[in-house]
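*Asks:*
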Amino acid sequence: MDMIAQNYVGCDISKQWLDFFDETSGRLRRIDNQADAIAAYVAGLDPSRDFVVMEATGVHDRLLRHALAKAGVPFSRHNPAHTHHYSKSTRRRAKTDPLDARMLSDYGRRYNPEAEPAPSEEVERLQSLAGHRDHLVEMRAALKKHLAEAFEEAVIADLEETIAFLDTRIKAFESQIAEVIRQNQDTARDHALMVSVPGVSNVGALSLLALLPELGQRSPKAIAALAGLAPFDNKSGKLSRRSQIQGGRSRVRRALYMAALTAIRTCERFKTFYTALAARSGSKKLAIIAVARKLLVVLNAIMRDKTAFA
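Numbering-wise (this note's numbering), the sequence shown opens with residue 1 and increments by one.
Pasting the structure below:
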């Protein structure tokens, strides 16, 4: 693709509508976030020239992504924390949808992002199943907290019964996720490669396959940004604060954090890394996050090279 002729189209997404800004024409356009309206707009884009830049918005970008993929128009999605950071750095403080669309077009021009792979029905099914499984886990955790504080026998009995029911449903959805993975030879291979990494459990690998399908397709820096594990420097003039992690996919970050805790306990390589970093930084939490980021980089390389951890 001729990058000189690339035209970046920024798109701000909401549940009701999509705001587009075309950098070449300077035109702003709002359309309904509905299949027919999206198909009509995408039909006017040139796959050899136009590149759509958007923020990752969960389910609200699904229709647009599928329409763009069907038409062969390249697109990329970005962590909102990173695009907002860019917006602030360019002094765009106002928050309006048209301005966001213009900012996203500028963001594309500035960073020349990689095109995202076309959406996969299998991955989206895994994401839906994994998302529901995670919601059930959150419900169970809340009920267990309530149970620890309960004293009325009837309440305790009801909570225990509900928690047992949720245990059954969680296992059922984990079985469904595992079956989806087993049905695809490539996905089954990727799952086996992931669990070869210290700390990555069967459930953790299921979550990463569903929630981070970009593994192996992005640079270490880009994949860390997607997971929200890329540190941002917080500096202004002479003031310098400790680097922070921002945004990203919280469920991915949680899975990696749990994997890091296990890796520190069970693998001398990661334990040594953690111990040295904790001593140097004075923060155990920061050291655990660094281990999580290291695990992510390892997983990304394994998915890229299709070789087990050694």
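Glycine included, each C-beta is placed from N, C-alpha and C at the ideal position.
Could you tell me the boundaries of the beta strand (DSSP E) in which residue 21 lies?
*Replies:* Stepping through the sequence shown from its first residue, residue 21 is reached at position 21. Residue 21 -> beta strand (DSSP E) spans 17-22.
*Asks:* Just grab the DSSP bridge partners of residue 76 for me.
*Replies:* Counted from its first residue, the sequence shown places residue 76 at position 76. Answer is 53, bridged to residue 76.
*Asks:* Looking at the strands, I want to know which residues DSSP matches up with residue 229.
*Replies:* Residue mapping note: residue 229 aligns to position 229 of the sequence shown, counting from 1. DSSP, once it has assigned bridges, lists no residue as partnering residue 229.
*Asks:* Within the chosen definition, does the region 71-78 reach the region 108-115 through at least 3 CB pairs nearer than 8 Å?
*Replies:* yes
*Asks:* Does the beta carbon of residue 111 fall short of 6 Å from some heavy atom of the ligand NAP?
*Replies:* This structure simply doesn't include the ligand NAP, nor any ligand for that matter.
*Asks:* According to DSSP, is residue 100 part of a helix, a strand, or is it coil?
*Replies:* As a position in the sequence shown, residue 100 is number 100, starting the count at 1. Three-state result, residue 100: helix.
*Asks:* Should residue 245 go down as buried or exposed, given a rule of 16 or more other Cβ atoms within 10 Å for buried?
*Replies:* The residue labelled residue 245 in the question sits at position 245 within the sequence shown. Summary for residue 245: the model assigns pLDDT 48, below 50, so the residue's position carries little reliability; its value from the coordinates is reported in the next sentence. With 16 or more other Cβ atoms within 10 Å, it is buried.
*Asks:* Drop a sphere of 10 angstroms on the beta-carbon of residue 187, count the other beta-carbons inside from all chains shown, and report buried for 16 or more, exposed for fewer.
*Replies:* Translated into positions along the sequence shown, residue 187 becomes position 187. The residue in question, residue 187, is buried, as its Cβ has 16 or more Cβ neighbours within 10 Å.
*Asks:* For the beta strand (DSSP E) that contains residue 7, what are its first and last residues?
*Replies:* For the purposes of this step, residue 7 is taken as residue 7 along the sequence shown, with counting starting at 1. Looking at the DSSP string, the run of the beta strand (DSSP E) that includes residue 7 is 7-13.
*Asks:* Considering only the alpha carbon of each residue, which of 64, 177, 281 lies closest to residue 52?
*Replies:* To locate residue 52, count along the sequence shown from 1; it is residue 52. Cα-wise, what sits closest to residue 52 is 64.
*Asks:* Taking only three categories from DSSP, how would you classify residue 32?
*Replies:* Reading the sequence shown from its first residue, position 32 is the one you call residue 32. In this structure, residue 32 counts as strand in the three-state DSSP scheme.
*Asks:* How do the region 212-231 and the region 290-304 stand: do at least 3 beta-carbon pairs fall below 8 Å, yes or no?
*Replies:* yes
*Asks:* Can you tell which of 158, 14, 133 has the C-alpha that lies nearest to the C-alpha of residue 144?
*Replies:* Reading the sequence shown from its first residue, position 144 is the one you call residue 144. Nearest option by C-alpha distance: 158.
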